[in-house]
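Q: One structure coming up, written as structure tokens, with questions to follow.
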Amino acid sequence: MKKNKIKRVAKRIGYLGVLGILVVVYINTNQKMSLYATIAFASALVLVVLINFIVRATLDITYEINYDQANDQNYIIVTPKNKGILPTNHVESIVRCENVVFGTKEAKSFDISIRARSVKNVEPIKIPIDSKYCGRIDLSVEECRVYDWFDFTYLKKKVNTKGVVYVYPDESKTTLAEMDDLLSEGEELTYKHVVGNDVSEVLQIREYAQGDSIKNIHWNLSAKTVDSLYVKELDTPNDNSIMVVFDYAESINQETNNAIIRKVCDVSRILLAENLGHTVYRMDTLKDRVADEQHIASVEDYDVLVKDLLETFADHQQKNVAEYVMDEGLIARYAKIIYVKPKTMVDNSGLEEMEVNLINVE
């Protein structure tokens, strides 16, 4: 877009330069030929500007945002119509794009020409929309500029077309075999015990407090005392589930965060292909909460996960997801854990000290 702008400015300077030279020649020579040449050139510039008002009035340009599933490509479909007898060789459309995941904003432009009397059987023009990073892209075509035949000036034509497209992360060639020990039985993990309902495991025995379940009263011990009741605090059940935990880098590290999203999608997709249900714990900045828990057991669940990732601002928070998972005691005893994080991030949660499949992303 900047290159086109520079070219147009250079062209305008060139026209004005030619006009200036003609004026200087006339002043120095005082000849009628130089005067006529100056008047003719200036008149031509004014004439094409006036003609452009007529051309703009005869144009009817519509825009439609479309996704071609067969080619996995987003397009802006432009249908240009001209009911007048004068063509235009330069109509510039301005498209503003905002990536929700990375908070980036940019303006793109594309040029088309429209022949005269093109109203029926007009062939739509497909303009591909690409993005360097994955994410939800909010698009808006806010104006188009109709240039005169000399590209000397332009007239704005109001447009108000808005839409949303999704740019999905590329799939890598990662395989399940690359996730070390993911399917192995392994030893019991060193995890934070949390009160649960596993009757086979007792964390501790303490005095009865209001709200405790009668089912958990330790009747044998309570019978040995006169004035006290004792209850059993039960552990969480054994669980062979798979947990995928990941943290973002700071928002300025867009390449890293893009790679993290790609890696998490790869891991989830591969696990699902092996019929391995899993739970993903992630930062949910969209809903302003520390972590969001999503259970992935089907393709539909995976699609929801990916779409949520593409609609969430990627940024590292003060309290990371690993800390949240550890503090809340969400890790079950035989859970298989995959932890995806930025390579430069120092994990103080203690999660890395456990038997986890650690994936560092640069």
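Under our numbering, the first residue of the sequence shown is numbered 21, with each subsequent residue one higher. Idealized CB from N, CA, C, for every residue including glycine.
Tell me whether residue 30 is buried or exposed, calling it buried when 16 or more other Cβ atoms sit within 10 Å of its Cβ.
A: Counted from its first residue, the sequence shown places residue 30 at position 10. By the 10 Å Cβ count, residue 30 comes out exposed.
Q: Use the C-beta contact count for residue 122: other C-beta atoms within 10 angstroms, 16 or more gives buried, fewer gives exposed.
A: For this step, residue 122 is matched to residue 102 along the sequence shown. The residue is buried, with at least 16 neighbouring Cβ atoms inside 10 Å.
Q: Can you name the residues that DSSP bridges to residue 127?
A: Within the sequence shown, the letter at position 107 stands for residue 127. According to DSSP, residue 127 bridges with 116.
Q: What whole-angstrom Cβ distance do residue 151 and residue 129 have, given they're in contact under 8 Å?
A: As a working note, residue 151 is residue 131 in the sequence shown. As a working note, residue 129 is residue 109 in the sequence shown. Between residue 129 and residue 151 the Cβ distance is about 16 Å, and since that is not below 8 Å, they are no contact.
Q: Below 7 Å between beta carbons: does that hold for residue 164 and residue 188?
A: In the sequence shown, the residue the question calls residue 164 occupies position 144. In the sequence shown, the residue the question calls residue 188 occupies position 168. Contact flag unset, no.
Q: According to the neighbour-count rule (16 or more other Cβ atoms, all chains shown, within 10 Å of its Cβ), is residue 302 buried or exposed?
A: For the purposes of this step, residue 302 is taken as residue 282 along the sequence shown, with counting starting at 1. Residue 302 is buried by the Cβ-count criterion.
Q: How would you write the range of the beta strand (DSSP E) that residue 135 sits in, first residue to last?
A: For the purposes of this step, residue 135 is taken as the residue at position 115 of the sequence shown. From DSSP, residue 135 is part of no beta strand (DSSP E); its letter is neither H nor E.
Q: Measuring only the C-alpha atoms, how far is residue 67 from residue 107?
A: Locating residue 67 in the sequence shown gives position 47, where the first residue counts as 1. Locating residue 107 in the sequence shown gives position 87, where the first residue counts as 1. The alpha-carbon atoms of residue 67 and residue 107 are separated by roughly 15 Å.
Q: I'd like to check one pair, residue 174 with residue 265: are the Cβ atoms closer than 7 Å?
A: By one-based count along the sequence shown, residue 265 stands at place 245. By one-based count along the sequence shown, residue 174 stands at place 154. No, these two residues do not count as a Cβ contact at 7 Å.
Q: In angstroms with no decimal places, state the Cα-to-Cα distance between residue 35 and residue 172.
A: The residue you call residue 35 lines up with position 15 of the sequence shown. The residue you call residue 172 lines up with position 152 of the sequence shown. Taking the straight line from one Cα to the other gives about 8 Å.
Q: State the Cα-Cα distance for the pair residue 143 and residue 99, rounded to the nearest angstrom.
A: The residue given as residue 143 occupies position 123 in the sequence shown. The residue given as residue 99 occupies position 79 in the sequence shown. Each residue's alpha carbon lies about 7 Å from the other.
Q: Specify whether the stretch 336-346 and the stretch 363-372 touch according to this definition: at least 3 beta carbon pairs, one from each stretch, less than 8 Å apart.
A: Short answer: they touch.
Q: Measuring from the CB of residue 114, is there a heavy atom of the ligand ADP at a distance below 6 Å?
A: For the ligand ADP, the structure offers nothing, since it holds no ligand at all.
Q: Would you mind sorting residue 190 into buried or exposed? The rule is 16 or more other CB atoms within 10 Å of its CB.
A: Taking the first residue of the sequence shown as 1, we reach residue 190 at position 170. Residue 190 comes out exposed.
Q: Identify every run of the beta strand (DSSP E) within the stretch 284-341, keeping only runs that are complete inside it and at least 3 residues long; order them along the chain.
A: Listed in chain order, the complete beta strand (DSSP E) runs (minimum 3 residues) inside the stretch 284-341 are 298-304, 309-316.
Q: Can you tell me whether residue 278 is buried or exposed? The criterion is at least 16 other CB atoms within 10 Å of its CB, across all chains shown.
A: The residue labelled residue 278 in the question sits at position 258 within the sequence shown. The residue in question, residue 278, is buried, as its Cβ has 16 or more Cβ neighbours within 10 Å.
Q: Residues bridged to residue 226 by DSSP?
A: Here residue 226 corresponds to residue number 206 of the sequence shown, with the count starting at 1. Paired residue(s): 251.
Q: Ordered along the chain, which non-local residues of its own chain (more than five positions away) have a Cβ less than 6 Å from that of residue 139?
A: Reading the sequence shown from its first residue, position 119 is the one you call residue 139. Excluding residues within five positions, the ones whose Cβ falls inside 6 Å are 101, 103.
Q: For a test of the three-state rule: what should DSSP assign to residue 40, helix, strand or coil?
A: If you number the sequence shown from 1, residue 40 lands on position 20. The answer is helix: DSSP assigns residue 40 an H, G or I state.
Q: For residue 126, which residues of its own chain have a beta-carbon under 6 Å away from its beta-carbon, when the five flanking residues on both sides are left out?
A: Along the sequence shown, one-based indexing puts residue 126 at 106. Taken in chain order, the residues that qualify are 117.
Q: Might you give, ordered along the chain, the residues of its own chain that have their beta carbon closer than 7 Å to the beta carbon of residue 93, omitting 5 neighbours on each side?
A: Counting from one through the sequence shown, the residue named residue 93 turns up at place 73. 148, listed in sequence order.
Q: Measure the Cβ-Cβ separation of residue 111 and residue 166 and say whether it is below 7 Å.
A: Residue numbering aside, residue 111 sits at position 91 when the sequence shown is read from its first letter. Residue numbering aside, residue 166 sits at position 146 when the sequence shown is read from its first letter. Closer than 7 Å, so yes.
Q: Give me the DSSP bridge partner(s) of residue 155.
A: In the sequence shown, residue 155 corresponds to position 135, counting from 1. DSSP output for residue 155 lists 187 as bridge partner(s).
Q: Would you check if the distance between the CB atom of residue 145 and the CB atom of residue 185 is smaller than 7 Å?
A: If you number the sequence shown from 1, residue 145 lands on position 125. If you number the sequence shown from 1, residue 185 lands on position 165. Their beta carbons are not under 7 Å apart, which means residue 145 does not touch residue 185 by this criterion.
Q: Provide the residue span of the beta strand (DSSP E) that contains residue 20, from first to last.
A: Because the chain here runs from 21 to 382, residue 20 falls outside it and cannot be looked at.
Q: Confirm, please, whether the CB-CB distance from residue 79 to residue 61 is below 7 Å.
A: What you label residue 61 is simply residue 41 of the sequence shown in a count that begins at 1. What you label residue 79 is simply residue 59 of the sequence shown in a count that begins at 1. Their beta carbons are not under 7 Å apart, which means residue 61 does not touch residue 79 by this criterion.
Q: Is the beta carbon of residue 262 closer than 7 Å to that of residue 298?
A: Taking the first residue of the sequence shown as position 1, residue 298 is located at position 278. Taking the first residue of the sequence shown as position 1, residue 262 is located at position 242. In this structure, residue 262 lies closer than 7 Å to residue 298 by Cβ.
Q: Mind checking residue 274: buried by the 16 CB within 10 Å criterion, or exposed?
A: Residue mapping note: residue 274 aligns to position 254 of the sequence shown, counting from 1. That one is buried.
Q: Residues bridged to residue 93 by DSSP?
A: On the sequence shown, position 73 is the one that residue 93 refers to. Partner(s): 88.
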